[in-house]
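Enquirer: These protein sequence lines are chains A and B, in that order. Start counting the first sequence at 1; every next residue gets the next number (the numbering used here). Start counting the second sequence at 1001; every next residue gets the next number (the numbering used here).
Number of protein chains: 2
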Amino acid sequence: MFESAELGHEIDKDRYETEVPELRTALLAAQYEVVKKQAFSVVILIAGVDGGGKGDTLNTLNEWMDPRHLQTNAIRPVNEGLEGRPPMWQFWRALPKKGGLAVFVGSWYTAPLLRRVYRETTTAELDQEIDDILRFERMLIDEGTLVLKFWLHLTKAQQRKRFKKLEKDARTAWRVGPTDWKHLAMYKKFQSTAQHLLRSTSTAAAPWLIVEGTDERYRNLTVGTAVLTALRALLDGRPEGRVLRAAPVEAAPRTFVPVDGKTVLDALELDHPITKDEYQDELARLQGRLNMATRHKRFEKRSVVAVFEGADAGGKGGAIRRVTQALDARKYDVIPIAAPSDEDKARPYLWRFWRQVPQRGRIAIFDRSWYGRVLVERVEELCRVSGWARAYGEINDFEEQLIDHGIIVVKFWLQISKDEQLRRFEERQQVPYKQHKITDEDWRNRDKWDAYHDAVCEMIDRTSTEAAPWTLIGANNKYHARLAVLRGMVESIEAAL
Amino acid sequence: MFESAELGHEIDKDRYETEVPELRTALLAAQYEVVKKQAFSVVILIAGVDGGGKGDTLNTLNEWMDPRHLQTNAIRPVNEGLEGRPPMWQFWRALPKKGGLAVFVGSWYTAPLLRRVYRETTTAELDQEIDDILRFERMLIDEGTLVLKFWLHLTKAQQRKRFKKLEKDARTAWRVGPTDWKHLAMYKKFQSTAQHLLRSTSTAAAPWLIVEGTDERYRNLTVGTAVLTALRALLDGRPEGRVLRAAPVEAAPRTFVPVDGKTVLDALELDHPITKDEYQDELARLQGRLNMATRHKRFEKRSVVAVFEGADAGGKGGAIRRVTQALDARKYDVIPIAAPSDEDKARPYLWRFWRQVPQRGRIAIFDRSWYGRVLVERVEELCRVSGWARAYGEINDFEEQLIDHGIIVVKFWLQISKDEQLRRFEERQQVPYKQHKITDEDWRNRDKWDAYHDAVCEMIDRTSTEAAPWTLIGANNKYHARLAVLRGMVESIEAAL
C-alpha cells in the first residue's frame, strides 16, 4: 500500500513558490470560515515514520494557517498525568469545539503501533485496539468532526539518509537519538504493523492519505492541498464534503491525485528487451521449477489462487498458457471470468468466486477476477458507486481468509503502453486467426484509458497487501511478461513450502 | 442483557390457538411475495443455549412456511468437507439467492463461541472473529440480504430442568448427551461469552432478538411475529424495512415489544415494607462498611463512578445523601447533570462526562448522567434519532474503558409506581420546603410515563453489561431504596478491592 508513496515524488522550487501563496490565502480563508460558522470541528492527525517530517509539516500548517485557531497537541505515548484514568481521556480532553481546528502529532495510533512493534501486544490485541479507534473516530464523525489523517512515509534507505543528514548538521543533530536508530533497524516490523493499522483504519469517512516524506515541497503541498480540499468541500456542502462527515452510500470515495501527477503505473518500466534465445532458456528453467514446486510433498496440503488482470491485449492469455504448460493438467483449473450470470447476480458479489476456491493440492487460475468490480464495473458504471467503493474492503477480507487458511495468493497486473495496445489491436484485426480476439468493446475500453488508469492505481493502493501484493509487470515485451509471471508464481510457491 | 428474557414470559393456549392460524397465513403470504419479487434474500439464524428449543423453532418455521422455499442449514462446527478451504466457504455456499429464505441452525457464531468457552482463543482473538462476522454481515446487508438473528435463552435452572425432562421421556432421552451436561456445568462461561458476542454483533441493521426459550408458545409466537414483521416491513418498503437493509442515519432502531407485553420494569417488585428501626440499624451498618471500604489501602489505586438515574421523585437525592454521609468529604464529588451548556454542545456528547472521570482514590457520584441521551433526550426529542440510537454503543464503550482501567462503575435505577409518584408530587406541592422540588416539567414528564417506560427498558437491555450491570431498585419505600443503594455501593467496592 506504500507503492504510490515510493515513486520519488517531487515539486520543483518554481512551482512551489508560485503555488504556495495562493494555497496559503485559500487555507486561511477556509480556516476563518470554519471558525466563523462554528458548524463543525476539524481534527488533523500527522503520523508516520520518524524523519518523515511530522514536525516540519506541523510547523508548515501553523505557518500557513492562523495558529490562534489551530490547537497543537503533541501527546507522547507515556500517558503522563492520567492518574488512573483511561488513556483516551487525554484525547477527549484535547478535542476541539465546533469552529476549532486541532492538529495531533502523536495520536491514538501511536501507542497501539509501538506496543505491537515491541511485541507487547499480539495481533489480536492490536485488532481490539483498532476496533476501539474505529469506534472513536466513528463517534467523532457522527458528531460532525472532520477527521483528516496523514501518514508520512519513507523507505528504509530514505530514513537512514535523513537521519545521517540531520546528524551531520550541529543544529539538527539533537533530533536523532539512539531510539531513532533502533527503530530504523526495526523498519520492517514498523512498516508491516503500520500497513495493517493503516489499512484497517482507512475508512470511507476518514481515510489515511499516505504522503511520501522525502521532498519537503511535495509533502507540504500535498498536505496543504488535501486540508484545503476537505475544508472547502465541507464548507461548500459538496458531496465530497458529506463523505468526510457521514459516508453516505452513494458518494464516491475520495481519490487523491498526487500533486505532482506521478502514479504507480506511470512509474512502471514497460519495456524490457530480451532475445528469443534468452527467453526460451529461462522459460524452460522456470517451468521446470514450477513443475517441481507443485509436485512437492508439502504442496499437497496447500493450494494456489492466481489472479491475472491487465490492460486489454496485455498478454494475459499467453502468460497463463506458459504457466499451465508447466502443470499437471489434473491439478489446475483456468477460470475465465466474464460478466456475472443472473444466478450470480442474485447473490452477494463474491459468491461466484467463493465457489471456485480450490481445495488443497490444487491451483485455480483466474483469467480476470473479482477485481472486475473495481475495474470494469466501476469504469463502465455497471454497479453503483457504493458497490465498488466497499468492494476493496470485501476483497481484502476475502483474500485474507484464503491466506489465513494456507492458500497461496498471487496477483499479476500486466501493463502495456497505449501505443503498444494500438499496435496489438491492429495486428489482431489483420491476422485472420487473431481476429476473434478483438471486439468493438476493446476499442470502447481503449477510449476510457484514463479512467481505467485511475481505477487501476486506486486498486493497487488499496488491495496490494503484504500478504497478497500485486506484481506489476511492464508487458510491452511479451517474453519478459511471461517470464515475470512464471517467476512470480514459482517464487511465491517455493517461499510458501 | 438477558434481563428481559428471564421474566417467565408465557402465552396461554387459547391465545396461541387463536393467533397462530392468522400468523401462519400472513407468514406464508409474505414468503410467497419474497419468492415472487426476488428483490432480496432472507437469512434467519437460530442460535442460543442447548435445550432452548432451536430445533423446535426450526421445525415450527418449516411448518408455518413453505419448506420448498425455506432452505435449512444445520452446519456443525467441525468443518467437514472443507478440504483446506476457509471455514466461511461453507456459509458462502449456503447463501440463498434473491427470493430465497435460508435458516441456519449452527452459524458463523457457533465456532467462535465454542472456541472461546473452551479457552482455545483469547478474548482478543474472539474480538477478531467478531470483526470478521461484522464485516460479513455488513456485506450481506449491503447486498440486500435481510438478516434476522434469534438467540434462545434459558437460565441455568431452566436448562437443567429441560434436560431432565428430555431425559425422562424415552422418546427424547437421546437428545441429551454428556456434552450437554458438561456445557450446563459451564453455564456461566457460556453466558458471559455469549453476552459479549451478542452485544458486539447486535448492529442496527442486524440486531439480535433474545427470546426466552422456556415457554414453547411464547417462543414460537415471538419468532414468527418477528419474522413476519421484518418481511412485511421490507416488502412494503416501510422505514423499518430500510433499517434492516442499510441502517440509514435517521431511522429509529427496531424496538421489540414482547408478545406477552411483559417488561423488566413491570416485573420489578416496587414495595418493600421495612420499619424505621430496621432501616436505621441497617443504614448505620452499611454506612460503616462503605466508610471502611473507601479507606482501605487498596482503594487508593481505584476509583468509583456511581450513576444515579430513576423516575422523577424516585428518591435519588435522598439516596445520594445517605451515601455521601458515609464518605470523607475530600474523596467524593457529587456531579448534578442538567441540560448541556453551549460549551458542551460544541463537542462530542460524552465530552463533558469524560472531563469528570475521577482520578484514582476518588468517587464521582453522578446525579443523572450520560444516560440522559437515551432517556430525556430521546423521549423529549432533544436530539436526533441517530444521536440516541448510536449512544448505547458509545456509552458501553465509555464504561468499558473506565472498567478496563480499574474504575468501579455502579449504576442505580430507582423505580416508583405511577401512583407513588403522584403522591410524592402532591406532597411536594403541599409542603413549603419541598415546593422547589416540583416543577411544571415534572408534570409534563409524568404525561410521558409510557414513553419513558419503553426508553428505560431498552436502556437496561442494551447497557446492562456484565461488567457494569444496572441495579434496579423498587423504590416505593424510600428506606428500602436507600439501603439497596448503599448495599450496591459497598458490595461493588468490596468485591473490587
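Cβ coordinates follow ideal geometry from the N, Cα and C atoms, glycine included. Predicted model, so just to flag it, every value in this text is computed and none were measured.
(1) Identify whether Tyr1109(B) lies in helix, strand or coil by the three-state DSSP scheme.
(2) Where does Ser492(A) land, buried or exposed, given buried means 16+ other C-beta within 10 angstroms?
(3) Is there contact here, the stretch 33 to 41 of chain A with the stretch 99 to 108 of chain A, by at least three beta-carbon pairs under 8 angstroms?
(4) Helix, strand or coil for Val1305(B)? Go by DSSP, reduced to three states.
(5) Looking only at its own chain, which residues have a Cβ that is under 7 angstroms from the Cβ of Thr1193(B), when we skip the five neighbours before and after it?
(6) Considering only the beta carbon of each residue, do Val1305(B) and Ile1407(B) sit closer than 8 angstroms?
(7) How would you list, in chain order, the residues of chain B whose beta-carbon sits under 7 angstroms from the beta-carbon of Leu95(A)?
(8) Would you kindly work out how many angstroms separate the C-alpha atoms of His1196(B) and Gly317(A), rounded to a whole number?
(9) Put His405(A) into one of helix, strand or coil per three-state DSSP.
(10) Determine the extent of the alpha helix (DSSP H) in which Lys1188(B) is found, giving its start and end residues.
(11) Can you confirm whether the stretch 376 to 392 of chain A touches the stretch 443 to 460 of chain A when touching is taken to mean that 3 or more C-beta pairs between the two stretches lie within less than 8 angstroms?
(12) Could you check the C-alpha separation between Asn62(A) and Leu70(A) for me, to the nearest Å?
(13) So Thr57(A) is in the alpha helix (DSSP H); what residue range does that whole segment cover?
(14) Leaving aside the five residues before and after Gly1052(B) along the sequence, list all residues of the same chain whose C-beta is less than 6 angstroms from its C-beta, in chain order.
(15) May I ask you to list, following chain order, the residues of the stretch 1135 to 1157 of chain B that have a beta carbon less than 9 angstroms from some beta carbon of chain A?
(16) Taking only beta-carbon positions, decide if Trp388(A) is within less than 8 angstroms of chain B.
(17) If you count every other CB in all the chains shown that lies within 10 Å of the CB of Asn477(A), and 16 or more means buried, which is it?
(18) Contact between the stretch 1319 to 1339 of chain B and the stretch 1271 to 1287 of chain B: three or more CB pairs below 8 angstroms?
(19) Can at least three beta-carbon pairs, one atom from the stretch 1354 to 1362 of chain B and one from the stretch 1329 to 1336 of chain B, be found at a separation below 8 angstroms?
(20) Report the option in Ala311(A), Asp169(A), Ala339(A) whose CA atom is closest to the CA atom of Tyr452(A).
(21) Which residues, in chain order, does the stretch 114 to 127 of chain A contribute to contact with chain B at a C-beta distance below 7 angstroms?
(22) So, does the stretch 1224 to 1232 of chain B touch the stretch 475 to 489 of chain A, judging by three or more C-beta pairs under 8 angstroms?
(23) In terms of residues, what are the limits of the alpha helix (DSSP H) holding Asn1073(B)?
(24) Pairing CB atoms from the stretch 1018 to 1026 of chain B with CB atoms from the stretch 1084 to 1098 of chain B, are three or more of them under 8 angstroms?
(25) Return the first residue and the last residue of the alpha helix (DSSP H) that Leu1286(B) is part of.
(26) With a cut-off of 8 angstroms, does the C-beta of Lys1098(B) fall near any C-beta of chain A?
(27) Examine the Cβ distances between the stretch 1383 to 1401 of chain B and the stretch 1347 to 1361 of chain B and report whether three or more of them are shorter than 8 angstroms.
(28) Thinking just about the alpha-carbon of each residue, which of Trp1413(B), Thr1222(B), Asp1169(B), Glu1282(B) is nearest to the one in Gly1261(B)?
(29) Could you tell me if Ala1251(B) is buried or exposed, where buried requires 16 or more neighbouring beta carbons within 10 angstroms of its beta carbon?
(30) How far does the beta strand (DSSP E) with Val211(A) in it reach, from first residue to last?
(31) Between the Cα of Phe163(A) and the Cα atoms of Thr225(A), Tyr218(A), Asp50(A), Ala496(A), which residue gives the shortest distance?
(32) Could you compute how far the alpha carbon of Lys297(A) sits from the alpha carbon of Gly1055(B)?
(33) Quick one: which chain A residues come within Cβ less than 7 angstroms of Trp1089(B)?
(34) Please classify Leu967(B): does DSSP put it in a helix, a strand, or coil?
(35) Using a Cβ-Cβ cut-off of 8 angstroms, state whether Gly1237(B) counts as contacting chain A.
(36) So Arg1373(B) packs on Asp142(A), CB below 8 angstroms; how close in whole Å?
Expert: Taking the definition as stated:
(1) For the purposes of this step, residue 1109(B) is taken as residue 109 along the second sequence, with counting starting at 1. Coil at Tyr1109(B), not helix or strand.
(2) By 1-based counting over the first sequence, the position of residue 492(A) is 492. Buried, since its Cβ has 16 or more Cβ neighbours within 10 Å.
(3) yes
(4) For the purposes of this step, residue 1305(B) is taken as residue 305 along the second sequence, with counting starting at 1. Strand at Val1305(B).
(5) The residue labelled residue 1193(B) in the question sits at position 193 within the second sequence. Leu1113, Arg1116, Val1117, listed in sequence order.
(6) For this step, residue 1305(B) is matched to residue 305 along the second sequence. For this step, residue 1407(B) is matched to residue 407 along the second sequence. The answer is yes: Cβ separation under 8 angstroms.
(7) Sequence index remark: in the first sequence, residue 95(A) carries index 95 (1-based). The contacting residues are Arg1347, Pro1348, Trp1351.
(8) The residue labelled residue 1196(B) in the question sits at position 196 within the second sequence. The residue labelled residue 317(A) in the question sits at position 317 within the first sequence. C-alpha separation (whole angstroms): 50 angstroms.
(9) By one-based count along the first sequence, residue 405(A) stands at place 405. Reduced to three states, the DSSP call for His405(A) is coil.
(10) The sequence position of residue 1188(B) within the second sequence is 188, counting from 1. That run of the alpha helix (DSSP H) goes 1187 to 1201.
(11) yes
(12) If you number the first sequence from 1, residue 62(A) lands on position 62. If you number the first sequence from 1, residue 70(A) lands on position 70. In a straight line, the C-alpha of Asn62(A) is about 7 angstroms away from that of Leu70(A).
(13) Stepping through the first sequence from its first residue, residue 57(A) is reached at position 57. Element bounds for Thr57(A): 54 to 64.
(14) Here residue 1052(B) corresponds to residue number 52 of the second sequence, with the count starting at 1. Counting only Cβ-Cβ distances below 6 angstroms, and skipping sequence neighbours, we find Leu1152, Leu1154, Gly1213.
(15) Arg1135, Phe1136, Arg1138, Met1139, Leu1140, Asp1142, Glu1143, Gly1144, Thr1145
(16) By 1-based counting over the first sequence, the position of residue 388(A) is 388. For Trp388(A), the answer is no, since every Cβ of chain B falls outside 8 angstroms of its Cβ.
(17) Your numbering for residue 477(A) matches position 477 in the first sequence. Buried.
(18) yes
(19) yes
(20) As a first step, residue 452(A) is located in the first sequence; it is residue number 452 there, counting from the start. The shortest C-alpha separation from Tyr452(A) is found at Ala311(A).
(21) Thr122, Ala124, Glu125, Asp127
(22) no
(23) Here residue 1073(B) refers to the residue found at position 73 when the second sequence is read from its first residue. No alpha helix (DSSP H) contains Asn1073(B), which is instead part of the beta strand (DSSP E) from 1070 to 1073.
(24) no
(25) The count along the second sequence starts at 1 and reaches residue 1286(B) at position 286. It spans 1276 to 1294 - the alpha helix (DSSP H) in which Leu1286(B) sits, taken as one unbroken run.
(26) Along the second sequence, one-based indexing puts residue 1098(B) at 98. Cβ-Cβ to chain A under 8 angstroms: yes for Lys1098(B).
(27) yes
(28) Within the second sequence, residue 1261(B) is the residue found at index 261, counting from 1. Ranking the options by Cα distance to Gly1261(B), first place goes to Thr1222(B).
(29) Translated into the one-based positions of the second sequence, residue 1251(B) becomes position 251. Because Ala1251(B) carries a pLDDT of 45, less than 50, the predicted location of this residue cannot be relied on, and no value is offered for it.
(30) Working through the first sequence from its first residue, we reach residue 211(A) at position 211. Looking at the DSSP string, the run of the beta strand (DSSP E) that includes Val211(A) is 208 to 212.
(31) In the first sequence, the residue the question calls residue 163(A) occupies position 163. Among Thr225(A), Tyr218(A), Asp50(A), Ala496(A), the Cα nearest to that of Phe163(A) belongs to Asp50(A).
(32) Numbered from its first residue, the first sequence carries residue 297(A) at position 297. Numbered from its first residue, the second sequence carries residue 1055(B) at position 55. Those two C-alpha atoms are separated by around 44 angstroms.
(33) Here residue 1089(B) refers to the residue found at position 89 when the second sequence is read from its first residue. The contacting residues are Trp354, Val357.
(34) Because chain B here runs from 1001 to 1497, residue 967(B) falls outside it and cannot be looked at.
(35) Position 237 of the second sequence, counting from 1, holds the residue named residue 1237(B). Chain A, which has no Cβ nearer than 8 angstroms to the Cβ of Gly1237(B), makes this no.
(36) Your numbering for residue 1373(B) matches position 373 in the second sequence. Your numbering for residue 142(A) matches position 142 in the first sequence. Not confirmed; about 12 angstroms, so no contact.
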